[in-house]
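Chains as they are written, first to last, in my numbering: chain A, 28 to 390; chain B, 625 to 1135.
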């Protein structure tokens, strides 16, 4: 009889923490090929359109940066929350509220122009995200409510509030009754990083800077130490003299602020106005990105790019091979599944055991 | 032979925890397993009980080789185990807890009846309907033992069973063990208490650094010879210079500290008053779960008081202050639970050093902008490890990778390194081997003699007699007056521990 034994390693394996993403990629390619063959498609062509095609053209590299920017920004903030054991699931709402706060300036005061507009908008975006995250923080610290529920429910409140704004008071008078605000004036648009080649905007730069800064915060400063300690061992953190309430506030406000920044950057850089739907679910996808990056801000940069690539690859495969978007999503799911599964190998050893007789009851 | 091991070996990475262990247990004997922390006792027992698989070697049960694939398989063979840390659910009754752990399914009421019958038979009174959270540690241990006996085992493994008992409770446990032995069952008894081993065990196997270094008949040895076999050389004798009373401000002054229970299973504190002078060691004896943890939290500031003067440290009111502020007054704390309270298990030793020192040593350990000075902390950690002889597998391993004794040496060293004016320790040497324990106790005395006030909460009476100048007893959240150690006897302390004549604040001295 053969059984599989999973034993915890005494120490995490360095080798496997380097190679587990490659193992995951290999397994995804194998499983994906089987799936594409079963669909009657050429697996080589399918994999090419997934992983290579989006990287061959300059414009699609720009699209990659545009898609990755909000994912990375939000996920970096979430990594702080999750390391602190604060389960902020409502980044999508904080993203939306950041977008609303930041857009107030160009929408309500279109006459106010100049170089000050953009910094003020970004600042308002951050404040908006923070304000929305402040609510679950207060509820948790003051009344002990579960932040998973409160932050999640606030996502829908924010979404409906945005919907009401763009259909009601903020609707553009020249918009033929379409539910959208006026287009932002030039000073309110986040500029492209490199105009000549494509439309990727400064949001991507913000994302990289935020990731590096938060990495430094978590790994090198006392504040980061406090956050990690509170997440890993709350009793020891109290013994260290840290306050759990302060950590909850800090983590939620930081992640809310970054989500808000992502929101206003997306609206100002990629869309140019407010609409009822401004996000394809970045706030939720960022949860996946945060875990794919192992809650490490530098890993999150890579994870954000990979997830953005799989979005673009999915679109490319739909166009060039006629694969349904369901199959594209399954393939994305396979990738995530194998990445998370392979990470198990870092902490656990899996062995096939041949036992003479299970239970050893032959006495 | 009931049980034999042949060249039993367990390797973890580069560490050989058990190296070709040969030993055997006869039917109807109480066999002691002695060894320092990290000597391989737990690993050996885990292999016997099926929670670890040996790397090589053989276990022979009743003269036939067996593979013990899991604890369930071990129970089927006839092995029972009573763990050092109980595995009981506080919110369930005794009978429900026992039912949960059994491999076969049966109604709770039937099992409760069986448990009651067994408990009467072996002199282990257990009420099957009592909620575990309301029971004393001694009672919880009885539930564990009864649960184990329900499986009718031929070999019972007991891991440090007396560490949580009063002397009187321990005596009762020994009677039960003798009765079990007389029925032909065998007992594998793991303990650090050499006196106990000499008193009740028929044979002993001594482990050091994963190897068997000797077999002996404990009643023919002295505690000194046993300790020498365990440690390899003579255990340092504790020296205690007489304590000169100082008339200055006391190091710790607690006046009329009362506190309601913090959670459903915690103990209230009633009118606790206590003085620790500079230069002395005061011990607090008591059976586990009588408010020691609550008193520690109240003194450390994890639980604040409502009046500033209730707790004074070095003459300054501290009742309203939190942990960091109390540390800044010169106080240092070492809690009972190492992993998860005194240290964060997955964090490295250097990070765990910062845990209790970031507030007091901010100027050395924290640079401008809140950046951690990792080189300085690394150096301090190396200094502490050298001073306390902390043995570790890597330069800066996670706290959980150290053996209990070595981690405790580090945690005590972490505070001593500051030369604190006040040190409050809960269970300083619990589960620590003889050599390390001697080192820790000596360090506590030396700190006091250098002018600090030291308060030691411990369930180990021998330890308290060895190091304390005065001893008080905590029972049900009330503290007796502290009596000079010369006037304290084990009987007198034992009675107070059991709650006799413990009117708060005036027992002991008046007796």
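Just so you know, even glycine gets a beta-carbon here, dropped at the ideal spot from N, CA and C.
Fair warning: this is a prediction, and the values are worked out from it, not measured in the lab.
Using a Cβ-Cβ cut-off of 7 angstroms, residue 995 of chain B counts as an interface residue toward chain A, since at least one Cβ of chain A sits closer than that to its own. By the Cβ-count criterion, residue 353 of chain A is exposed, with fewer than 16 other Cβ atoms from all chains shown falling within 10 Å of its own Cβ. Residues of chain B whose Cβ lies closer than 7 angstroms to the Cβ of residue 262 of chain A are, in chain order, 964, 965. Taking 7 angstroms as the cut-off, the beta carbon of residue 376 of chain A is found closer than this to the beta carbon of residue 36 of chain A. Secondary structure in the stretch 270-306 of chain A: the alpha helix (DSSP H) runs of 4 residues or longer, each lying completely within the stretch, are 271-292 in chain order. With respect to chain B, the C-beta atom of residue 259 of chain A has a partner C-beta closer than 7 angstroms. DSSP places residue 1077 of chain B in the strand class (E or B) of the three-state scheme. Assignment of residue 99 of chain A by DSSP, reduced to helix, strand and coil, places it in the helix class. The stretch 985-998 of chain B and the stretch 909-921 of chain B do not touch, with fewer than three beta-carbon pairs separated by less than 8 angstroms. Per the DSSP secondary-structure output, residue 647 of chain B pairs in a beta bridge with B/629. Using beta-carbon distances, residue 887 of chain B does not count as an interface residue toward chain A, since no partner is under 7 angstroms.
Short of 8 angstroms from the beta carbon of residue 183 of chain A, and not among the five residues preceding or following it, lie these beta carbons of its own chain, in chain order: 120. Going by DSSP, residue 121 of chain A is part of the alpha helix (DSSP H) stretching over 118-135. Distance between residue 830 of chain B and residue 1106 of chain B, taken at the CA atoms: about 38 angstroms. At least 7 angstroms separates the CB of residue 318 of chain A from every CB of chain B.
For residue 277 of chain A, not one C-beta of chain B is nearer than 7 angstroms to its own C-beta.
The alpha-carbon separation between residue 251 of chain A and residue 106 of chain A amounts to approximately 11 angstroms. DSSP places residue 680 of chain B in the strand class (E or B) of the three-state scheme. If you draw a 10 Å sphere on the C-beta of residue 634 of chain B, you find 16 or more other C-beta atoms in it, and that means buried. Around the CB of residue 191 of chain A, fewer than 16 other CB atoms lie within 10 Å, so the residue is classed as exposed.
Setting aside the 5 residues that flank it on each side, residue 275 of chain A is surrounded in the same chain by 113, 164, 167, 168, each with a C-beta closer than 7 angstroms to its C-beta; the list follows chain order. Within the same chain, Cβ atoms closer than 8 angstroms to the Cβ of residue 933 of chain B are found at 879, 941, 943, the five residues on either side in sequence being excluded.
When DSSP states are grouped into helix, strand and coil, residue 793 of chain B belongs to the helix group.
In terms of CA proximity to residue 254 of chain A, A/272 leads the group A/272, A/238, A/239, A/302.
Residue 827 of chain B and residue 653 of chain B do touch by the CB rule: their CB atoms are close to 6 angstroms apart, below 8 angstroms.
Counting along the chain, residue 775 of chain B sits inside no alpha helix (DSSP H), nor does DSSP assign it H or E at all. With a cutoff of 7 angstroms on beta-carbon distance, residue 134 of chain A and residue 197 of chain A are scored as near each other. Setting aside the 5 residues that flank it on each side, residue 1016 of chain B is surrounded in the same chain by 973, 1009, 1025, 1026, 1030, each with a C-beta closer than 8 angstroms to its C-beta; the list follows chain order. Residue 199 of chain A and residue 210 of chain A have their C-alpha atoms spaced approximately 8 angstroms apart.
Counted as a single uninterrupted DSSP element, the beta strand (DSSP E) harbouring residue 899 of chain B occupies residues 893-900. Here DSSP, grouped into helix, strand and coil, assigns residue 151 of chain A to helix. The C-alpha of residue 966 of chain B lies about 6 angstroms from the C-alpha of residue 958 of chain B. Sorting A/338, A/313, A/308, A/83 by C-alpha distance to the C-alpha of residue 327 of chain A places A/313 at the top.
Inter-residue distance for residue 1035 of chain B and residue 1013 of chain B is about 12 angstroms (C-alpha atoms, whole angstroms). Sequence-distant partners of residue 1040 of chain B (beyond 5 residues in either direction) whose C-beta falls short of 7 angstroms from its own C-beta, in its chain, are 1067, 1071. Counting along the chain, no alpha helix (DSSP H) covers residue 833 of chain B, and no H or E run does either.
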